[in-house]
Amino acid sequence: MYQARTLLSRSFASLSNYPLRVCIVGSGPAGFYTAEKTLKAHQEAQVDIIDRLPTPFGLVRSGVAPDHPEKQRSFTSILLAFILNYSGLYQIVFAIVINQFSRVAQHERCSFFGNVSLGSSISLSELRQLYHVVVLAYGAESDRVFHIPGEDLFGIHSAREFVWWYNGHPDCRNLNPDLKSTDTAVILGQGNVALDVARILLRPTEELATTDIASHALNALEESYIRKVYLVGRRGPVQAACTTKELREVLGIKNLFVNIKEADLVKTPADEEEMKNSRIQRRVYELLSKAAASASSQSSSGQRELHFVFFRKPDCFLESEKKVIHVSGVHFEKTALKGVGPGKQVAVGTGEFEDIDCRMVLKSIGYKSVPVNGLPFDHRKGKKQKRIIVDQLGLLLQTSTVPEETVASISEDLEKGMLSSISSLPKPGREGLLQLLDRRDVIPIPYSSWEKIDSVERRLGSLRNKPREKLTSWEDLLKAATT
Ligand SMILES: NC(=O)c1ccc[n+]([C@@H]2O[C@H](COP(=O)([O-])OP(=O)(O)OC[C@H]3O[C@@H](n4cnc5c(N)ncnc54)[C@H](OP(=O)(O)O)[C@@H]3O)[C@@H](O)[C@H]2O)c1
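Written out as structure tokens, the structure reads:
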């Protein structure tokens, strides 16, 4: 409370200088990028970034796998990677990202307020009353589902939950995936997230120990009995949704037995056509073929195993007879591809079925956004509406398209006079936000308080030869931020 009041009095000093009040919800790469562009394009704008977590950086903190090598990359390439659907995002130097994002957060016309949740701390309609422009850049915090029987059994998690668990996201620190009842895990989906989680399950833990992986996850992985991972796709190797760097990385795990059936590698003319049109698909297919050709026929003792399974779609999850409401396997229907042109071959069931026994399943079939009251939402696709909404309350944007387009839309609407209310209708912006949070006893965590969390994490990390030891509970994060 005290902190909110201090922030409030400080920010009143600059109250009337910034006629354009912009609020960005979400402090991941899209949020920071949009903030940076807005500050540059609109000298009269004051930008506030809010996030429900006390920590900024979204995906960069809780989505990127901890074992991904750090390479020198520029801010621009990080943003480009984000724009290109995060592909290659792992090549970020965390420190560089933080430096670049820090500069934005510490800009005199920009502020970060963590621990402010859209929906519970403040509603969308309140934000729209406080700001001329509200940009929703809070990403995809939920999971796509199969809608098949058994999906709620214990032992089945979404890959997002698993990723948040090993990355120390406070919402998933208590996930406790059972890595001890079984030696077999099934991962459904063959995108880069699926490869990330397969790698974390199979990689020798001594290679993870010096990363910023959450210590609860490292401890559990050190004791894990999982030796065999099935990576299952509903289509073929030509359609695998991963990219080459990530594939090479998982295939390169030390002492790993890789199994790919030669029969699955047979290409159809439609596959050839697809590969002609996509270098990535061609390279992924070549890598899989090479791995199949060079693999030994059987695993040797002590080897961990990665099985690529193609042309299978889950029909239902099987319940254990010994352990009620726990998963004991996945019942798959074999598929064949029905083609309607390159890139459009779809998997259809053949009526033949087969089971894979396992006690752990990770569903890695994509993320989806969470709906927010007051915003049109496509429930089928799990997406916020892309359309820009302008009304007397202000402009509302979301950034599932390129953040640059979002900023361009703001400029365009200002030029067209669609936001004429800016001159005729001043908005309270930051001051109003802080007053409202104060009334609700919500403690906003400014960037300077995140820096306190950061320094605690770095100090704890240095004791264990890690870049940082993430604080993983709300309580610890808030304590570090406010003391
Ligand atoms: N290291 C990195 O650079 C990195 C790391 C993580 C994520 N990312 C990026 O983040 C984005 C999201 O990745 P993602 O892996 O979550 O999603 P994704 O790339 O869209 O892959 C989703 C996978 O799930 C399958 N799938 C979807 N619906 C299904 C269903 N109903 N039944 C069976 N299978 C289904 C897809 O198969 P179909 O193709 O048949 O639909 C595909 O194999 C991607 O752009 C990815 O490249 C990058």
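Numbered by UniProt numbering, the letters in the sequence shown go through residues 1 to 483 in order. We put the CB at the ideal spot given by N, CA and C, even for glycine.
Residues near residue i in its chain [Cβ-Cβ closer than 6 Å; skip 5 each side]
{"i": "residue 363", "result": "158 and 188"}
{"i": "residue 320", "result": "326 and 328"}
{"i": "residue 86", "result": "Reliability fails at residue 86, whose pLDDT of 47 lies under 50, so the model's placement of it is uncertain and the value that follows must be treated cautiously. Excluding positions up to five away in sequence, the list is empty."}
{"i": "residue 428", "result": "130"}
{"i": "residue 415", "result": "none"}
{"i": "residue 410", "result": "133"}
{"i": "residue 31", "result": "24, 49 and 137"}
{"i": "residue 116", "result": "50 and 444"}
{"i": "residue 253", "result": "202 and 203"}
{"i": "residue 456", "result": "480"}
{"i": "residue 346", "result": "338"}
{"i": "residue 305", "result": "228, 257 and 299"}
{"i": "residue 270", "result": "339 and 345"}
Proximity winner among the options, relative to residue i (alpha-carbon distances)
{"i": "residue 514", "options": "322, 351, 155 and 464", "result": "Residue 514 cannot be examined here, being either before or after the span of the chain that is shown, 1 to 483."}
{"i": "residue 40", "options": "408, 466, 439 and 173", "result": "408"}
{"i": "residue 490", "options": "64, 168, 281 and 24", "result": "The shown model of the chain, from 1 to 483, leaves out residue 490, and the question about it has no answer."}
{"i": "residue 135", "options": "473, 451 and 375", "result": "375"}
{"i": "residue 483", "options": "458, 449 and 45", "result": "449"}
{"i": "residue 324", "options": "59, 150 and 116", "result": "150"}
{"i": "residue 311", "options": "230, 120 and 161", "result": "230"}
{"i": "residue 166", "options": "425, 200 and 462", "result": "200"}
{"i": "residue 474", "options": "272, 168, 284 and 316", "result": "168"}
{"i": "residue 140", "options": "121, 63 and 304", "result": "63"}
{"i": "residue 282", "options": "238, 122, 298 and 119", "result": "238"}
{"i": "residue 122", "options": "442, 267, 240 and 236", "result": "442"}
{"i": "residue 215", "options": "174, 242, 234 and 235", "result": "174"}
{"i": "residue 489", "options": "451, 96 and 344", "result": "Residue 489 lies beyond the residue range present for the chain, which begins at 1 and ends at 483; the question has no answer from this structure."}
{"i": "residue 268", "options": "26, 235, 290 and 404", "result": "235"}
C-alpha gap between residue i and residue j, whole angstroms
{"i": "residue 256", "j": "residue 185", "result": "15 Å"}
{"i": "residue 61", "j": "residue 138", "result": "14 Å"}
{"i": "residue 469", "j": "residue 308", "result": "34 Å"}
{"i": "residue 228", "j": "residue 481", "result": "41 Å"}
{"i": "residue 263", "j": "residue 152", "result": "33 Å"}
{"i": "residue 259", "j": "residue 354", "result": "18 Å"}
{"i": "residue 172", "j": "residue 356", "result": "27 Å"}
{"i": "residue 52", "j": "residue 213", "result": "22 Å"}
{"i": "residue 48", "j": "residue 459", "result": "29 Å"}
{"i": "residue 349", "j": "residue 335", "result": "4 Å"}
{"i": "residue 206", "j": "residue 218", "result": "9 Å"}
{"i": "residue 445", "j": "residue 223", "result": "36 Å"}
{"i": "residue 352", "j": "residue 322", "result": "27 Å"}
{"i": "residue 203", "j": "residue 22", "result": "44 Å"}
{"i": "residue 372", "j": "residue 280", "result": "36 Å"}
{"i": "residue 464", "j": "residue 221", "result": "17 Å"}
{"i": "residue 489", "j": "residue 313", "result": "This structure cannot speak to residue 489, because the chain is shown only from 1 to 483."}
{"i": "residue 72", "j": "residue 98", "result": "Caution applies to residue 72, whose pLDDT of 32 falls short of 50 and renders its modelled position unreliable; the model cannot decide the point."}
{"i": "residue 286", "j": "residue 302", "result": "28 Å"}
{"i": "residue 28", "j": "residue 292", "result": "38 Å"}
{"i": "residue 177", "j": "residue 42", "result": "47 Å"}
{"i": "residue 37", "j": "residue 46", "result": "12 Å"}
{"i": "residue 250", "j": "residue 461", "result": "26 Å"}
{"i": "residue 126", "j": "residue 26", "result": "16 Å"}
Nonlocal neighbours in the same chain, by C-beta distance under 7 Å from residue i, ignoring five residues either side
{"i": "residue 225", "result": "179, 180, 182 and 183"}
{"i": "residue 477", "result": "54, 55, 170, 453 and 471"}
{"i": "residue 209", "result": "218"}
{"i": "residue 315", "result": "148, 331, 332, 333 and 353"}
Same chain, Cβ closer than 8 Å to residue i, neighbours up to 5 away in sequence not counted
{"i": "residue 211", "result": "66, 67, 466 and 467"}
{"i": "residue 447", "result": "56, 102, 105, 106, 111 and 112"}
{"i": "residue 8", "result": "Confidence at residue 8 is low in this model, with a pLDDT of 46, below 50, so the placement of that residue should be treated as unreliable; the coordinate-derived value is given next. The residues are 431, 434, 435 and 438."}
{"i": "residue 296", "result": "257"}
{"i": "residue 197", "result": "159, 162, 163, 187, 362 and 364"}
{"i": "residue 317", "result": "148, 149, 150, 151, 153, 156, 327, 329, 330, 331 and 361"}
{"i": "residue 119", "result": "372 and 373"}
{"i": "residue 288", "result": "237, 240, 247, 260, 265 and 308"}
{"i": "residue 15", "result": "Bear in mind that the predicted position of residue 15 carries a pLDDT of just 45, short of 50, making it too unreliable to give a figure here."}
{"i": "residue 242", "result": "190, 191, 192, 194, 195 and 284"}
Near ligand 3: residue i beta-carbon under 7 Å from a heavy atom
{"i": "residue 193", "result": "Absence of ligand 3 is noted for the structure shown, with ligand 1 being the only ligands found."}
At 3 residues or longer, and completely inside the region 101-129: list those beta strand (DSSP E) runs for me, N to C.
-> 110-114
Looking at C-beta atoms only, is the number of pairs between the region 361-375 and the region 136-155 that lie closer than 8 Å three or more?
-> yes
Meets three-Cβ-pair contact criterion under 8 Å: the region 243-253 and the region 190-203 = yes
Just checking, does the region 103-116 make contact with the region 328-338 on the three C-beta pairs under 8 Å criterion?
-> Short answer: they don't touch.
4-residue-minimum alpha helix (DSSP H) runs that sit fully inside the region 160-216, ordered along the chain | 192-202
Contiguous beta strand (DSSP E) assignments of at least 3 residues, all confined to the region 295-374 = 304-309, 312-319, 327-338, 346-357 and 360-363
Entirely within the region 224-253 and at least 4 residues each: give me those alpha helix (DSSP H) ranges in chain order.
-> 244-251
Unbroken alpha helix (DSSP H) runs of length 4 or more, entirely within the region 425-453: which are they?
-> 429-439
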